[in-house]
Amino acid sequence: MNIKEKVSSIKEAFTLLGVDESTLSAQEKKDLDEKGYVVFENLINEKWLKELKEKYEELVAIEGNKGGTEVHQEVGTKRLSNLMNKGEVFDGCYTHPKVLAAIHHILKRDFKVSAMNGRDSVKGHGLQALHEDWNDSFFEEGVVEQDGDYRNPNDPFNVAISLWMLDEFKEDNGATRVVPGTHLKKAPQFCIDDRMADHPEQVLVTGKAGTVVVMNSHLWHGGTNNISGEPRKVLHPYYVAREFKQQQDQRKHITKETYDRISPAARYILDVEGAF
Ligand SMILES: O=C(O)CCC(=O)C(=O)O
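Residue numbering for the sequence shown follows our numbering, starting at 129 and increasing by one per position.
Structure, rendered in structure tokens:
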């Protein structure tokens, strides 16, 4: 296929990006199925890591208290959004073959980017309620009938996320907590009373800078309190099954500069083909 041709399925995008059945090992697939997440160590090389960190800091300095406004702001947290339009350095994150293979293993069908945000909690902040990332905002108004959960346990999974650690995630700087296996349960608000409290089965996902975690977003998870105040910058390329709404309308936000720079496969994954 010519590199400039239009891509019309995730299968075609995968062929162009070099994703196939062997991209994930059997153990990686098992982790996703059973624990609900998989850890890829050293996925970001040193040079790229440095560039990503520098760009993150540069954007935080430029955007100040406006950071994250395109999608979401959070007290005590330096957030960024719309990163696909804020630097070529981010192009390789949401199109990384290993990440895409893991996302497809979770969603098992055609999908697209939902949003690409960044998050860095400051000292004494960052604790989030245990949550899953699936809620009624993904449906057109009036479509969802709330019956105690937003997803039937027999339905396929709808959302998945990758966590790109730009700093080391430690026990005391606000690493993400997860409760392994809970992607197979109902959402936490229907199962536990105090979602801010530690959960007896929670695990802190720690890792060196350069580690990437792919997580089923129906897994119960959340940021923890940054006690030490050391930075814990993370990027969140986040995906949704193609039939649902994106957290950030990519077609509305895509700039001509980004559109012209990225590949047809990337345009398909952002769902912006024909925007210009
Ligand atoms: O950055 C993290 O540790 C997780 C963030 C998260 O789950 C969220 O913002 O919804």
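Even for Gly, the Cβ is constructed at its ideal location relative to N, Cα and C.
Sixteen is the threshold: since fewer than 16 other Cβ atoms of the shown chains lie within 10 Å of the Cβ of THR197, the residue is exposed. Residues ASN354, ILE355, SER356, GLY357 of the same chain have their beta carbon placed closer than 8 Å to that of LYS251, with the five preceding and five following residues left out of the count. In the three-state reduction of the DSSP assignment, SER136 falls in the coil class, being assigned neither a helical nor a strand state. Residues of the same chain with a CB within less than 6 Å of the CB of ASP295, apart from the 5 flanking positions on each side, are ALA337, PRO359, ARG360, LYS361 in chain order. The beta carbon of VAL217 sits closer than 8 Å to those of TRP176, GLU179, LEU180, LYS183, all from its chain and outside the five residues before and after it, given in chain order.
When C-alpha distances from GLU299 are compared across LYS314, THR352, ILE289, ASN282, the shortest belongs to THR352. An exposed status is given to GLN155, since fewer than 16 other beta-carbon atoms sit within 10 Å of its beta-carbon. ALA230 is a Cβ neighbour of LEU160, given a cutoff of 8 Å. In this structure, LEU211 and MET244 form a Cβ contact; the two beta carbons are roughly 4 Å apart against a cut-off of 8 Å. Residue pairing by DSSP places LYS240 opposite VAL368 in a beta bridge. A distance criterion of 7 Å places the beta-carbon of ASP261 in contact range of ligand 1, judged by its closest non-hydrogen atom.
In this structure, the CA atom of PHE318 is about 11 Å from the CA atom of GLU260. Taking C-beta atoms as the reference points, SER249 and GLY302 count as a pair closer than 8 Å. Counting other Cβ atoms within 10 Å of its Cβ, GLY335 reaches 16 or more and is therefore classed as buried.
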